[in-house]
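*Asks:* Residue numbers (this note's numbering): 41 to 333.
Don't be surprised by glycine CBs; every beta carbon is placed ideally from N, CA and C.
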(Lines of atoms letter the chains of each structure in order from A and count residues from 1; the text may use other names and numbers.)
(Lines give C-alpha, C1' and ligand atoms only; values in the text may rest on other atoms or scores of the structure.)
Protein backbone atom coordinates (compact mmCIF):
# COMPACT_ATOMS: atom_id res chain seq x y z
CA UNK A 1 0.00 0.00 0.00
CA UNK A 2 1.36 3.41 -1.01
CA UNK A 3 1.23 5.95 1.80
CA UNK A 4 0.67 9.63 1.19
CA UNK A 5 3.28 12.12 2.33
CA UNK A 6 1.08 13.13 5.27
CA UNK A 7 0.62 9.53 6.39
CA UNK A 8 4.35 8.87 6.12
CA UNK A 9 5.10 11.91 8.27
CA UNK A 10 2.49 10.84 10.80
CA UNK A 11 3.98 7.34 10.95
CA UNK A 12 7.49 8.69 11.45
CA UNK A 13 6.23 10.94 14.26
CA UNK A 14 4.52 7.94 15.87
CA UNK A 15 7.71 5.88 15.70
CA UNK A 16 9.83 8.73 17.12
CA UNK A 17 7.42 9.06 20.03
CA UNK A 18 7.66 5.33 20.81
CA UNK A 19 11.46 5.36 20.56
CA UNK A 20 11.68 8.27 23.01
CA UNK A 21 9.74 6.42 25.72
CA UNK A 22 11.79 3.23 26.04
CA UNK A 23 15.51 2.67 26.73
CA UNK A 24 15.76 -0.66 24.90
CA UNK A 25 15.16 -0.97 21.15
CA UNK A 26 15.49 -4.22 19.22
CA UNK A 27 15.42 -5.06 15.51
CA UNK A 28 13.41 -8.12 14.47
CA UNK A 29 12.45 -9.79 11.23
CA UNK A 30 8.89 -10.84 10.43
CA UNK A 31 9.95 -13.07 7.53
CA UNK A 32 7.86 -16.27 7.24
CA UNK A 33 5.85 -15.27 10.32
CA UNK A 34 2.16 -16.21 10.02
CA UNK A 35 -0.27 -13.48 11.09
CA UNK A 36 -1.79 -15.81 13.67
CA UNK A 37 1.52 -16.21 15.47
CA UNK A 38 2.34 -12.52 15.10
CA UNK A 39 -0.87 -11.65 16.93
CA UNK A 40 -0.05 -14.22 19.63
CA UNK A 41 3.38 -12.64 20.15
CA UNK A 42 1.87 -9.15 20.39
CA UNK A 43 -0.51 -10.42 23.04
CA UNK A 44 2.30 -12.14 24.94
CA UNK A 45 4.41 -8.96 24.94
CA UNK A 46 1.58 -6.70 26.07
CA UNK A 47 2.76 -4.61 29.00
CA UNK A 48 6.37 -5.65 28.38
CA UNK A 49 7.15 -4.42 24.87
CA UNK A 50 5.60 -2.95 21.73
CA UNK A 51 6.22 -3.98 18.13
CA UNK A 52 6.55 -1.23 15.51
CA UNK A 53 5.96 -2.41 11.95
CA UNK A 54 6.78 -0.04 9.08
CA UNK A 55 8.87 0.23 5.96
CA UNK A 56 12.60 0.20 6.61
CA UNK A 57 12.93 3.71 5.13
CA UNK A 58 10.43 5.10 7.64
CA UNK A 59 12.09 3.27 10.55
CA UNK A 60 15.48 4.65 9.53
CA UNK A 61 14.10 8.18 9.16
CA UNK A 62 12.51 8.03 12.62
CA UNK A 63 15.76 6.77 14.14
CA UNK A 64 17.84 9.44 12.41
CA UNK A 65 15.53 12.26 13.48
CA UNK A 66 14.50 10.97 16.90
CA UNK A 67 17.35 8.89 18.33
CA UNK A 68 20.43 9.02 16.10
CA UNK A 69 22.40 6.88 18.58
CA UNK A 70 20.29 3.97 17.32
CA UNK A 71 21.59 4.26 13.75
CA UNK A 72 23.98 1.25 14.14
CA UNK A 73 20.84 -0.91 14.42
CA UNK A 74 20.10 -0.20 10.76
CA UNK A 75 22.87 -2.64 9.84
CA UNK A 76 20.54 -5.43 11.03
CA UNK A 77 17.63 -4.39 8.81
CA UNK A 78 16.74 -7.08 6.29
CA UNK A 79 13.56 -8.23 4.64
CA UNK A 80 10.40 -7.45 6.54
CA UNK A 81 11.77 -5.53 9.52
CA UNK A 82 10.18 -4.39 12.77
CA UNK A 83 11.38 -2.48 15.81
CA UNK A 84 10.59 -3.59 19.34
CA UNK A 85 10.66 -1.01 22.14
CA UNK A 86 10.76 -2.11 25.76
CA UNK A 87 11.80 -1.38 29.33
CA UNK A 88 13.05 -4.97 29.69
CA UNK A 89 16.80 -5.48 29.39
CA UNK A 90 17.88 -6.90 25.99
CA UNK A 91 18.53 -10.40 27.34
CA UNK A 92 15.14 -10.71 29.03
CA UNK A 93 13.43 -9.34 25.93
CA UNK A 94 15.23 -11.80 23.66
CA UNK A 95 14.36 -14.73 25.96
CA UNK A 96 10.68 -13.74 26.16
CA UNK A 97 10.38 -13.61 22.37
CA UNK A 98 12.38 -16.80 21.80
CA UNK A 99 10.03 -18.76 24.06
CA UNK A 100 7.22 -18.12 21.60
CA UNK A 101 8.95 -19.76 18.64
CA UNK A 102 7.67 -23.10 17.34
CA UNK A 103 8.86 -25.86 15.00
CA UNK A 104 7.43 -26.51 11.57
CA UNK A 105 8.13 -28.60 8.48
CA UNK A 106 10.46 -27.29 5.79
CA UNK A 107 9.14 -25.88 2.53
CA UNK A 108 10.84 -26.02 -0.88
CA UNK A 109 13.09 -23.02 -1.41
CA UNK A 110 13.85 -22.43 2.27
CA UNK A 111 17.42 -22.41 3.57
CA UNK A 112 18.48 -25.22 5.92
CA UNK A 113 19.35 -23.68 9.33
CA UNK A 114 21.68 -26.63 10.08
CA UNK A 115 22.56 -30.02 8.57
CA UNK A 116 19.25 -31.85 8.15
CA UNK A 117 20.10 -35.39 9.24
CA UNK A 118 17.72 -38.35 9.24
CA UNK A 119 18.92 -40.83 11.89
CA UNK A 120 19.24 -44.56 11.29
CA UNK A 121 16.45 -46.75 12.59
CA UNK A 122 12.89 -47.86 12.09
CA UNK A 123 10.36 -45.42 10.63
CA UNK A 124 6.58 -45.29 10.68
CA UNK A 125 6.52 -45.51 6.88
CA UNK A 126 4.96 -48.53 5.18
CA UNK A 127 6.80 -50.23 2.28
CA UNK A 128 5.95 -48.96 -1.17
CA UNK A 129 6.84 -46.03 -3.45
CA UNK A 130 8.30 -44.22 -0.45
CA UNK A 131 11.49 -46.28 -0.87
CA UNK A 132 12.10 -44.54 -4.19
CA UNK A 133 11.46 -41.14 -2.60
CA UNK A 134 13.94 -41.93 0.18
CA UNK A 135 16.56 -42.96 -2.37
CA UNK A 136 16.00 -39.76 -4.38
CA UNK A 137 16.61 -37.75 -1.20
CA UNK A 138 19.89 -39.59 -0.61
CA UNK A 139 18.60 -41.77 2.23
CA UNK A 140 19.63 -45.43 2.33
CA UNK A 141 16.67 -47.54 3.46
CA UNK A 142 15.33 -51.09 3.34
CA UNK A 143 12.18 -53.04 4.16
CA UNK A 144 12.26 -54.91 7.44
CA UNK A 145 9.00 -56.66 8.25
CA UNK A 146 6.08 -54.27 7.92
CA UNK A 147 8.28 -51.18 8.29
CA UNK A 148 10.81 -49.17 6.35
CA UNK A 149 14.15 -48.98 8.16
CA UNK A 150 16.87 -46.41 7.47
CA UNK A 151 20.27 -48.10 7.29
CA UNK A 152 22.46 -45.26 8.51
CA UNK A 153 22.36 -41.60 9.47
CA UNK A 154 21.79 -39.63 6.28
CA UNK A 155 22.36 -35.92 5.67
CA UNK A 156 19.53 -34.84 3.40
CA UNK A 157 20.41 -31.13 3.18
CA UNK A 158 23.60 -29.38 4.30
CA UNK A 159 23.48 -26.24 6.41
CA UNK A 160 22.75 -23.05 4.40
CA UNK A 161 21.75 -25.07 1.32
CA UNK A 162 18.39 -24.62 -0.40
CA UNK A 163 15.82 -27.28 0.49
CA UNK A 164 14.41 -28.78 -2.72
CA UNK A 165 10.94 -30.24 -3.20
CA UNK A 166 12.09 -33.86 -2.88
CA UNK A 167 13.88 -33.23 0.41
CA UNK A 168 11.01 -31.17 1.83
CA UNK A 169 8.48 -33.88 0.96
CA UNK A 170 10.40 -36.78 2.51
CA UNK A 171 11.39 -34.81 5.63
CA UNK A 172 7.73 -34.03 6.21
CA UNK A 173 6.79 -37.71 5.85
CA UNK A 174 9.46 -38.61 8.40
CA UNK A 175 8.13 -36.00 10.81
CA UNK A 176 11.28 -33.88 10.69
CA UNK A 177 10.49 -30.23 11.54
CA UNK A 178 13.74 -28.29 11.14
CA UNK A 179 12.31 -24.82 10.69
CA UNK A 180 11.33 -22.37 13.41
CA UNK A 181 8.62 -19.81 13.01
CA UNK A 182 8.32 -16.77 15.19
CA UNK A 183 9.60 -13.26 15.64
CA UNK A 184 13.37 -13.33 15.21
CA UNK A 185 15.37 -10.69 17.11
CA UNK A 186 18.47 -9.71 15.12
CA UNK A 187 20.01 -7.15 17.50
CA UNK A 188 19.16 -4.89 20.42
CA UNK A 189 20.35 -1.53 21.75
CA UNK A 190 20.74 -0.42 25.36
CA UNK A 191 22.83 2.40 26.86
CA UNK A 192 25.03 2.91 23.82
CA UNK A 193 25.70 -0.78 23.15
CA UNK A 194 24.35 -2.87 20.28
CA UNK A 195 24.00 -6.56 21.16
CA UNK A 196 23.83 -9.00 18.21
CA UNK A 197 21.55 -12.03 18.44
CA UNK A 198 24.42 -14.45 19.09
CA UNK A 199 25.29 -12.54 22.28
CA UNK A 200 21.67 -12.26 23.41
CA UNK A 201 20.97 -15.96 22.92
CA UNK A 202 22.05 -17.09 26.39
CA UNK A 203 21.14 -20.38 28.06
CA UNK A 204 20.21 -18.71 31.35
CA UNK A 205 20.22 -21.80 33.67
CA UNK A 206 23.66 -22.83 32.36
CA UNK A 207 24.96 -19.26 32.64
CA UNK A 208 23.75 -18.95 36.25
CA UNK A 209 25.29 -22.33 37.14
CA UNK A 210 28.65 -21.16 35.74
CA UNK A 211 28.51 -17.97 37.82
CA UNK A 212 27.73 -19.98 40.96
CA UNK A 213 30.62 -22.36 40.26
CA UNK A 214 32.99 -19.42 39.66
CA UNK A 215 31.89 -17.89 42.98
CA UNK A 216 32.60 -21.11 44.89
CA UNK A 217 35.99 -21.52 43.23
CA UNK A 218 36.96 -17.90 43.90
CA UNK A 219 35.89 -18.23 47.55
CA UNK A 220 37.92 -21.42 47.85
CA UNK A 221 41.05 -19.77 46.45
CA UNK A 222 40.55 -16.70 48.64
CA UNK A 223 40.33 -18.78 51.83
CA UNK A 224 43.44 -20.87 51.14
CA UNK A 225 45.45 -17.89 49.88
CA UNK A 226 44.26 -15.99 53.00
CA UNK A 227 42.98 -13.03 51.04
CA UNK A 228 40.90 -11.17 53.61
CA UNK A 229 37.59 -9.61 52.64
CA UNK A 230 34.00 -9.64 53.88
CA UNK A 231 33.31 -13.08 52.38
CA UNK A 232 36.54 -14.88 53.25
CA UNK A 233 37.51 -13.48 56.68
CA UNK A 234 35.00 -15.52 58.77
CA UNK A 235 35.98 -18.66 56.86
CA UNK A 236 39.73 -18.03 57.29
CA UNK A 237 39.28 -17.49 61.04
CA UNK A 238 37.16 -20.63 61.31
CA UNK A 239 39.77 -22.61 59.35
CA UNK A 240 42.55 -21.33 61.61
CA UNK A 241 40.50 -22.21 64.70
CA UNK A 242 39.92 -25.76 63.51
CA UNK A 243 43.60 -26.18 62.66
CA UNK A 244 44.65 -24.89 66.10
CA UNK A 245 42.19 -27.19 67.85
CA UNK A 246 43.48 -30.14 65.84
CA UNK A 247 47.09 -29.37 66.84
CA UNK A 248 46.17 -28.90 70.51
CA UNK A 249 44.18 -32.13 70.53
CA UNK A 250 47.18 -34.00 69.13
CA UNK A 251 49.52 -32.47 71.74
CA UNK A 252 47.09 -33.13 74.59
CA UNK A 253 46.60 -36.74 73.54
CA UNK A 254 50.35 -37.33 73.74
CA UNK A 255 50.65 -35.63 77.15
CA UNK A 256 47.56 -37.37 78.50
CA UNK A 257 45.77 -34.07 79.20
CA UNK A 258 42.11 -33.61 78.43
CA UNK A 259 41.73 -31.74 75.17
CA UNK A 260 40.29 -28.20 75.42
CA UNK A 261 39.43 -25.86 72.57
CA UNK A 262 42.64 -24.03 71.68
CA UNK A 263 41.00 -20.67 71.10
CA UNK A 264 38.54 -20.70 74.00
CA UNK A 265 38.91 -17.38 75.75
CA UNK A 266 41.95 -16.62 73.61
CA UNK A 267 40.70 -13.17 72.81
CA UNK A 268 38.25 -10.61 74.08
CA UNK A 269 36.11 -11.39 71.08
CA UNK A 270 35.59 -14.99 72.24
CA UNK A 271 35.36 -17.91 69.82
CA UNK A 272 35.84 -17.41 66.10
CA UNK A 273 32.56 -16.89 64.27
CA UNK A 274 31.14 -19.95 62.53
CA UNK A 275 30.61 -19.54 58.78
CA UNK A 276 27.10 -20.07 57.54
CA UNK A 277 26.26 -23.16 55.51
CA UNK A 278 25.85 -20.93 52.46
CA UNK A 279 29.30 -19.34 52.90
CA UNK A 280 31.07 -22.68 53.40
CA UNK A 281 29.47 -24.36 50.40
CA UNK A 282 32.25 -25.71 48.22
CA UNK A 283 35.10 -24.71 50.65
CA UNK A 284 37.27 -27.73 51.67
CA UNK A 285 38.25 -28.37 55.29
CA UNK A 286 41.46 -27.00 56.77
CA UNK A 287 43.39 -30.21 56.08
CA UNK A 288 42.52 -30.22 52.36
CA UNK A 289 44.86 -28.80 49.77
CA UNK A 290 43.76 -25.81 47.65
CA UNK A 291 41.58 -26.52 44.64
CA UNK A 292 43.29 -26.15 41.34
CA UNK A 293 41.79 -23.16 39.55
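Determine the burial state of residue 264: buried for a count of at least 16 other Cβ atoms within 10 Å of its Cβ, exposed for fewer.
*Replies:* Counting Cβ neighbours within 10 Å, residue 264 comes out buried, since at least 16 surround it.
*Asks:* Among residues of its own chain, excluding the 5 on either side of residue 232, which ones have a beta-carbon nearer than 7 Å to its beta-carbon?
*Replies:* 109
*Asks:* If I follow the unbroken alpha helix (DSSP H) through residue 240, where does it start and stop?
*Replies:* DSSP places residue 240 inside the alpha helix (DSSP H), whose first and last residues are 237 to 240.
*Asks:* Kindly list the residues whose CB is nearer than 8 Å to the CB of residue 147, restricted to its own chain and excluding five residues on each side of it in sequence; keep chain order.
*Replies:* 203, 208 and 219
*Asks:* By how many angstroms is the C-alpha of residue 200 removed from the C-alpha of residue 57?
*Replies:* 39 Å
*Asks:* Give the C-beta separation of residue 144 and residue 239 to the nearest angstrom, bearing in mind that I take them to be a contact with Cβ-Cβ under 8 Å.
*Replies:* With a Cβ gap of about 26 Å, residue 144 and residue 239 do not count as contacting.
*Asks:* Per DSSP, what kind of secondary structure is residue 152 in: helix, strand or coil?
*Replies:* Residue 152: coil per DSSP, three-state reduction.
*Asks:* Excluding the 5 residues preceding and the 5 following residue 116 in the sequence, name in chain order all residues of the same chain whose CB lies nearer than 7 Å to its CB.
*Replies:* 67, 226 and 227
*Asks:* Measuring alpha carbon to alpha carbon, tell me which of 168, 91 and 217 ends up nearest residue 127.
*Replies:* 91
*Asks:* With distances taken between CB atoms, is the gap from residue 99 to residue 151 smaller than 8 Å?
*Replies:* no
*Asks:* Can you give the Cα-Cα distance for residue 83 and residue 160, rounded to whole angstroms?
*Replies:* 41 Å
*Asks:* Within the continuous beta strand (DSSP E) that includes residue 229, where are the two ends?
*Replies:* 224 to 230
*Asks:* Measuring CA to CA, which of 229, 78 and 259 is closest to residue 141?
*Replies:* 78
*Asks:* Tell me whether residue 123 sits in a helix, a strand or coil according to DSSP, three-state version.
*Replies:* strand
*Asks:* When the Cα atoms are used, what is the spatial distance from residue 188 to residue 197?
*Replies:* 21 Å
*Asks:* Mind checking residue 119: buried by the 16 CB within 10 Å criterion, or exposed?
*Replies:* exposed
*Asks:* Given this structure, state the Cα-to-Cα distance separating residue 173 from residue 210, to the nearest angstrom.
*Replies:* 7 Å
*Asks:* Does the beta-carbon distance from residue 244 to residue 135 come in below 8 Å?
*Replies:* yes
*Asks:* Provide the residue(s) that pair with residue 68 in DSSP beta bridges, ordered along the chain.
*Replies:* 122 and 225
*Asks:* Could you check the C-alpha separation between residue 53 and residue 47 for me, to the nearest Å?
*Replies:* 10 Å
*Asks:* Taking DSSP as the reference, what is the three-state secondary structure of residue 178?
*Replies:* It is coil, neither helix nor strand.
*Asks:* Just the Cα atoms here: how many angstroms apart are residue 178 and residue 43?
*Replies:* 49 Å
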